[in-house]
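Comments concern the structure below.
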Amino acid sequence: MEFSIKSGSPEKQRTACVVVGVFEPRRLTLPADLVDRTSDGYIGEIIRRGDMEGKLGSTLLLHHVPNTLCDRVLLVGLGKERDFHEGQYCDAVRAAIKTLQDTGSMEAVMYLTELPVKRREMEWKIEQTVVSAMESTYRFDRLKSKQEELRRPLRKLTLSVSRRNELALGEEAVRRGVAIAQGMNLAKDLGNLPGNICTPSYLADQAVGLTHTLNLTAQVLERDEMEKLGMGAFLSVAKGSRQPPKLIVIQYDGAGRSQKPIVLVGKGITFDAGGISLKPASDMDEMKYDMCGAASVLGTLKAVASLQLPINVVGIIPSCENLPDGAANKPGDVVTSLSGQTIEILNTDAEGRLILSDALTYAERFEPELVIDVATLTGACVIALGHHASGLYSNNDALARELLHAADYSNDRAWHMPLWDDYQEQLKSSFADMANIGGRPAGSITAACFLSRFAKKFVWAHLDIAGTAWKSGANKGATGRPVPLLTQFLVQRAARKRAER
Ligand code: BES
Ligand code: MN
Ligand code: ZN
């Protein structure tokens, strides 16, 4: 989809559809009122007849509105004006785009972007609208023998700003929205691909593929190199699989050598059957999504590189399968991690923390400014937070605050969870430095505590995305989260760096 920014009156737009808002009950917004005046009260008359109350998310498509230059006018209900906040803005935009997709307009000029939204400036509205519009066109049908074509898809969306001097900033916001949505699309595609296609080697090829079109470099470490390094925790998980494990390192250098990189670590288990501690059969197919952390790291690097942000970012992706096999990890096995710490594997299904521990230690060699790992780590996180917020853990409160702000701004929410030492006791082992599970209570927290033992040398945060990375049920599919959160965080960091200079 193509986007542009414009400033001008709705009644003068020569387009297939002009989109304007109506508050409840039956209150025209300024652009709707302008169309009403030009059309000698045509809109007001329709509203008086009771066809559009202004309920949030309702729509009414009008043809041949008198004296206008457009083919159609789409009225969008906004709900009560005093309840109109960011959530309502996003709902209204989604409703408008859905109607545009379901009806005949292939282009439209949208005036909802001019509505005041508390706490949010014009750039936020533009960015959100672009992301919503691109999300509405996402399909994953490449594995079906026939692809369904949209009859008359929306091709071009023009977003209106109220003042001419906002055009340049508006265009910047469009670029950010497009980059975020494209990063999300990559993360969704990789997530939705099944385990027999999206293998560790496939993920590695995808990372290398990104370097062909963007300013990125990639390096893939093979099993023998990792053996030499001593990645005993990661490689133990890969033992039960016939697919070779890969450690993917992808780098974006947008600032000088002197600037320390931000390292993103993504869990890349391309299928998690649980290993010898086998998972139950129901919904096991969803464990193809156990590489969504990795996918979001690749999506974020894609977004950052296409925005050419003036920062350095490194993505580290440990990737393998977790399967039962004669050679697989067994409960009770003790392995030595790259850090030198030994781990008793009491449950082979707690494999994410094993591969991440070595990846975190590996991150040290980049002398990072900070490290953020992203992982579909625990079912317990889904029980704690459901599907709305990712679990956020950090050894640094300032970093946690910064991430929460990015999460709030990008509408990709996270919730700050405790990492108190009290929980560390649950990881005690009789035979090794630690066990890889901490029992039933606080399962998401003890997993984060486990990781924290490998993140002592840097500022670190962990995002447990088990509840947010994909949707189950009739609309099963990857969400592309937390690409918006991570990209927004890096955009903020880049802005801070610019200001410091
Ligand atoms: N990938 C799973 C976590 C998961 C499970 C995410 C279900 C989303 C939905 C992870 O590897 C895992 O199996 N974790 C175990 C840990 C337990 C054995 C301590 C879990 O959450 O059950
Ligand atoms: Mn598991
Ligand atoms: Zn897993």
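Throughout the sequence shown, residue numbering follows the numbering used here, covering 6 to 506 in sequence.
Quick reminder that beta carbons are idealized off the backbone N, C-alpha and C, glycines included.
Since this is a predicted model, take the numbers as computed values, not measurements.
For residue i: DSSP bridge partner residues
i	result
residue 320	255 and 269
residue 475	483
residue 398	467
residue 82	27
residue 77	68
residue 393	In DSSP, residue 393 forms no bridge with anything.
residue 341	347
residue 441	DSSP output for residue 441 lists no bridge partner at all.
residue 375	267
residue 419	395
residue 327	277
residue 11	165
residue 380	469
residue 122	125
residue 115	24 and 164
Expected contact under 8 Å - CB spacing of residue i and residue j to nearest Å
i	j	result
residue 6	residue 189	The Cβ separation is near 14 Å, so there is no contact.
residue 360	residue 238	7 Å
residue 322	residue 302	6 Å
residue 333	residue 281	5 Å
residue 255	residue 299	Between residue 299 and residue 255 the Cβ distance is about 10 Å, and since that is not below 8 Å, they are no contact.
residue 245	residue 336	Their Cβ separation, rounded to whole angstroms, is 13 Å, which puts residue 245 and residue 336 out of contact at 8 Å.
residue 497	residue 411	6 Å
residue 354	residue 279	4 Å
residue 277	residue 382	Not quite, the Cβ-Cβ distance comes to about 11 Å (not below 8 Å), so this is no contact.
residue 12	residue 169	5 Å
DSSP three-state assignment for residue i, whether helix, strand or coil
i	result
residue 181	helix
residue 480	helix
residue 226	strand
residue 150	coil
residue 88	helix
residue 129	helix
residue 204	coil
residue 163	strand
residue 22	coil
residue 33	strand
residue 405	helix
residue 276	strand
residue 435	coil
residue 333	coil
residue 145	coil
residue 314	coil
residue 214	helix
residue 459	coil
residue 426	helix
residue 60	coil
Sub-9 Å separation of residue i and residue j beta-carbons
i	j	result
residue 266	residue 371	yes
residue 428	residue 454	yes
residue 465	residue 416	no
residue 114	residue 24	yes
residue 73	residue 43	yes
residue 396	residue 420	yes
residue 117	residue 94	yes
residue 55	residue 83	no
residue 184	residue 492	yes
residue 249	residue 227	yes
residue 263	residue 349	no
residue 209	residue 251	yes
residue 148	residue 106	no
Cutoff 7 Å; reference residue i; Cβ partners in own chain excluding five residues on either side
i	result
residue 199	293
residue 432	439, 440, 443, 451, 454 and 455
residue 405	397, 399, 421 and 466
residue 108	66
residue 557	Here the chain covers residues 6 to 506 and nothing more, so residue 557 does not appear.
residue 61	82, 83, 84, 93, 96 and 97
residue 103	141
Neighbourhood of residue i by C-beta distance below 6 Å, restricted to the same chain and skipping five residues each side
i	result
residue 47	70 and 71
residue 257	221, 306, 309, 310 and 318
residue 99	137
residue 235	343
residue 175	10, 131 and 166
residue 346	438
residue 505	none
residue 394	418, 419 and 420
Proximal residues to residue i (C-beta, below 8 Å), its chain only, five neighbours per side dropped
i	result
residue 392	472, 473 and 476
residue 260	315, 316, 317 and 502
residue 375	267, 268, 401, 404, 463, 464, 465 and 466
residue 39	14, 15 and 16
CB contact check: residue i to chain B, cutoff 9 Å
i	result
residue 63	The question asks about chain B, but that chain is absent: this structure has only one protein chain.
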